[in-house]
Amino acid sequence: MLPDEIVSEILSPALKVPDDLFFDTSETSPFANFTPSTSAYLLVCKDWLRVATPLLYSVVVLRSKAQAMALASVLKANPEFGRFIKKLRVEGGYGPSMHAILKSAPNITDLFLSL
């Protein structure tokens, strides 16, 4: 079994959202096209789940009300996940779900809003 630090170094490139995409202000969102879910990495084994969860939640991009509601639900069930969120990109207005998300994520350093 590899140490967590090595697993993190291996998984980081696959789970990272590049800053240039996160802060992209193009008329069409760089996240508008379908991309395969990176959450599959969490299913490999318990060790990968433990290491990959903070990486997966470090940058969150919300593009729909359903995504905002799902994230709010996950954060309600797993409050510790909110601490992992460092960057939050919100492409729209999502009402009460956003209030719950922002309350649950005290470590946000970068907030990108596109309405």
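Remember, this note's numbering sits 17 above the position in the sequence shown when you count from 1. Glycine included, each C-beta is placed from N, C-alpha and C at the ideal position. Note that this is a predicted model, so its numbers are computed, not measured.
{"Item": "Nearest to K33 (by Cα), restricted to the options A49, Y74, A117 and Y111", "Value": "Y74"}
{"Item": "8 angstroms CB neighbourhood of P123 in its chain, flanking five on each side removed", "Value": "G99 and R100"}
{"Item": "Cβ-Cβ separation, L105 to V77 (assumed contact under 8 angstroms), whole Å", "Value": "5 angstroms"}
{"Item": "Residues that DSSP places opposite E108 in a beta bridge", "Value": "S131"}
{"Item": "Cα-Cα separation between L28 and N95, rounded to whole angstroms", "Value": "22 angstroms"}
{"Item": "Beta carbon of P47 nearer than 9 angstroms to that of L38", "Value": "yes"}
{"Item": "Where L79 sits in the DSSP three-state scheme", "Value": "strand"}
{"Item": "8 angstroms Cβ shell around R80 - same chain, five flanking residues per side excluded", "Value": "S46, F48, A49, E108 and G109"}
{"Item": "E26 - DSSP class collapsed to helix/strand/coil", "Value": "helix"}
{"Item": "Cutoff 7 angstroms; reference M86; Cβ partners in own chain excluding five residues on either side", "Value": "S114"}
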